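Contents: one structure, followed by commentary.
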Amino acid sequence: MSTVGEQIKDIILKVLPSLSEDTQQRVISELQTMGVETVEDLKYVKQDDMRDLLPITQQRKLLEAFKTEASPVPLNLQFLPVNPAHIKLPTITSPLPCFSPTNFSLQPSFSQEATPCSATPCSATPCSATPCSATPCSATPCSATPCSSRVGKRTSNIPDKWPENFEVPWHKMPDGVKLAMANMRRPSPEKRRQMIRILVDELRKCDINPTRHECLIVCRNIVRQYPSSFADMTPGGAIVGEGFSTLLSQVKRRIENLNRAGIIKRHRSSGLCKPADSYGCVHFQPAMPLDETEETLELKRQQLQDIYKKEGSHASEKAQVIKLMNTTFCLQRSQINYSLISSTEDLKIHWPYLFTERGVFCHFESLTDINVLQSLELSMKECGHGVEKYLWAKMKNIDLHSVVSKDGELTLRVVQLLLTYFDEDTEGLILSTKACATAADVECTLELPDSPRLVLLMSEDKATVNQWMISNDEQVICEGSQPSVMSGLAALFATYYVFNLQYQEEAAKTLEFVQRRFIGINPERGSKANFKKVVSKKTGKLVQKKADPLNAHVATLIKNLTDFEWGFM
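Counting from -7, one number per residue, gives the positions in the sequence shown under the numbering used here.
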């Protein structure tokens, strides 16, 4: 292939990386037949010239790339007279490299015209550590090569909004990555790591230490363009969170590793993130039904109390009770959201059926539009054994027999393995006691914490669950009617949403995995995790640790399980 043909091929691969080899050759041959002899000739190519070669969208992408490549970026550098007496150079410990106007160049990914800037030839005196701005200046410019100065870190000619215009060098990517993109499949972990290295090298040409937000924009654009290949998703194809958390984490980790030996400061945002109670909810504070008033809703609440006094918790399955609970849902949310009833005990008195298995499930479904028990059952059927198999293989060097009930229910085994994998204590989520224990016995014999726990009433062989209870605020708040761990876990999980509770630190990662992978709640922002307090390295004071919307350990496990499902591991 001629030199011009190779240049045209590089341009094609930049904008259409998944284009087949045959189509590439046909496009190149057609262009050369039309008389294209240099890259500059590409600006004369019209859309009609490629009508029979490519779809319309690909034609437009390629024509735009041809015009960009065929039109060199003019450098409007003006040499302005400068009085040396007016130049004040800061005192710096190590000189930064200078450049002469003759070797000044723009990064290839951008075509923005340079604005006038003084370009006094370099002398032996070090240049200022401050990068050239977009406006005319009178100081000697800094080097266009990224450097690790404490002050100057961004390449002087790169615009502030470079992440939006950043072009991923797809033509440099491994063939395995390009093939996966073309077939809408995931690249292997090895090829993905190679892609991350190439991507980060290109990013650091624009900014040696890009902020998390800048990396986020680039990663988000990649995932939007090729979701099947790079998005965080379950084996079933459901997008997890915003879809780019794992890619973003890998990119930032690579950047930090490269900058570790230098003196680059990390970018930190100010302010504290607070998890919203409405996290993952669809009807957090619904409006009152049109045919109801505050008075009629209160009468129906009292009617529910009367039914409970006469018939007890067993009436929760009655159609009348379920209908009344659904009708008064907006009143329940108001009293929970605005803490109109301060204690759990008072809330149980006002809404006794809210503390039954049926009441919890119905309220959760009204709140999120998700049938929590059904979602958990389907997920366990779909991937429970796969998760168990992967975790056993991943933790083969750990004695799991002491923490996993091998003859127990699959749901229990999976949760125990998840807790172990995330290095969380089993008792941070699950407690067990004798099969014959009552709620009063549990409150007397077990040390119930103030955060939710699933209490399993188990047989002596620890393999059979006779019943389950949910505890919170150091008391039993719900007793199950189905003797299965799955229904108990579903009720426990629903409790966090029904009563606006955060995940306790002891089991936060396991609960987030259950939320995202099994239940299918994947908000793009916020977190239900309880923020830990850590000692600040800067001030030495106790501060709240910021949490990502998607925990990095959870994101990694979900990605690895997807790779495991695809046969990469």
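Even for Gly, the Cβ is constructed at its ideal location relative to N, Cα and C. Quantities reported herein were computed from a predicted structural model and do not represent experimental measurements.
Thinking C-alpha only, which one of E452, T487 and E29 is nearest E349? T487
Could you round the C-beta distance between D224 and K551 to whole angstroms and report it? I think they count as a contact, below 8 Å. 6 Å
Name the DSSP bridge partner or partners of W460? L448
Using three-state DSSP, classify Q467 as helix, strand or coil. strand
Contact set for T548: own chain, Cβ-Cβ below 6 Å, skip 5 residues either direction: Within the same chain, T548 has no close Cβ partners at all.
Below 6 Å CB to CB, which residues in the same chain sit around N571 once its five sequence neighbours on both sides are set aside? Outside the shown range of the chain (-7 to 561) lies residue 571, about which nothing can therefore be said.
Find out if the Cβ-Cβ distance for the pair V313, Y345 is shorter than 9 Å. yes
According to DSSP, is C240 helix, strand or coil? In the sequence under discussion, the amino acid at residue 240 is Leu, which differs from the Cys named in the question. Looking at L240 - three-state DSSP - the assignment turns out to be helix.
For I422, the residue or residues it bridges with in DSSP: L446
Locate the alpha helix (DSSP H) running through N213, then write down its first and last residues. It spans R204 to Q217 - the alpha helix (DSSP H) in which N213 sits, taken as one unbroken run.
Would a C-beta distance cut-off of 9 Å place H163 and L34 closer than the cut-off? no
Cβ-based burial, M176 [other Cβ within 10 Å; buried from 16]: exposed
Since Q312 is in the alpha helix (DSSP H), which residue starts that stretch and which ends it? Note, Q312: alpha helix (DSSP H), A311 to T319.
In or out: Y36 buried (at least 16 other Cβ within 10 Å) or exposed? exposed
Quick check: the Cα distance between E401 and T430, rounded to an integer number of angstroms? It is roughly 22 Å from the alpha-carbon of E401 to the alpha-carbon of T430.
Nearest CA to the CA of D555: which residue from T336, G229 and G480? G229
Would S371 pass as a contact of F510 if the rule is Cβ separation under 9 Å? yes
Beta-carbon within less than 7 Å of D442's beta-carbon, same chain only, minus the 5 sequence neighbours each way: which residues are those? D465 and E466
So, do the region 474 to 483 and the region 512 to 524 have three or more beta carbon pairs nearer to each other than 8 Å? With a cut-off of 8 Å on Cβ pairs, the region 474 to 483 is not in contact with the region 512 to 524, counting fewer than three such pairs.
What first and last residue would you give for the alpha helix (DSSP H) that runs through P181? P181 to C198
State the beta-bridge partners of A521 as determined by DSSP. Y495
Close Cβ partners of M280 (< 6 Å) along its chain, the five nearest in sequence each way excluded: C322
Which value, in whole angstroms, describes the spacing of the CA atoms of K310 and N514? 33 Å
Taking G472 as the reference, give the member of S308, N318 and T336 with the closest Cα. S308
Name the residue from S10, V468 and V406 whose alpha carbon lies nearest to the alpha carbon of Q217. S10
Segment contact, 8 Å Cβ cut-off, at least three pairs: the region 204 to 222 with the region 234 to 251: yes
Burial state of H355, where buried means 16 or more other Cβ atoms lie within 10 Å: buried
Roughly how many angstroms separate the alpha carbons of G263 and K533, rounded to a whole number? Confidence in G263 is poor, its pLDDT being 39 and thus under 50, which makes the residue's placement too unreliable to answer from.
Please state the DSSP three-state secondary structure of I231. Per DSSP, reduced to three states, the secondary structure at I231 is strand.
Endpoints, alpha helix (DSSP H) assigned at Y36: Taken as a continuous stretch (DSSP letters only), Y36 belongs to no alpha helix (DSSP H), as it is neither H nor E.
Nearest residue (CA-CA) to I214, options M173, S424 and Q494: I214 has its Cα closest to that of M173, out of M173, S424 and Q494.
Member of E419, E498 and L8 whose CA lies at the smallest distance from the CA of P161: If you compare the alpha carbons of E419, E498 and L8 with that of P161, the shortest gap goes to L8.
For L339, I'd like the list of residues in its chain whose CB is within less than 6 Å of its CB, leaving aside the five on either flank, ordered along the chain. I333
Indicate whether L195 and F158 have their beta-carbon atoms separated by less than 9 Å. Yes.
As assigned by DSSP and simplified to three states, the class of M280: Coil at M280, not helix or strand.
Pick helix, strand or coil for M478, following the three-state DSSP scheme. helix
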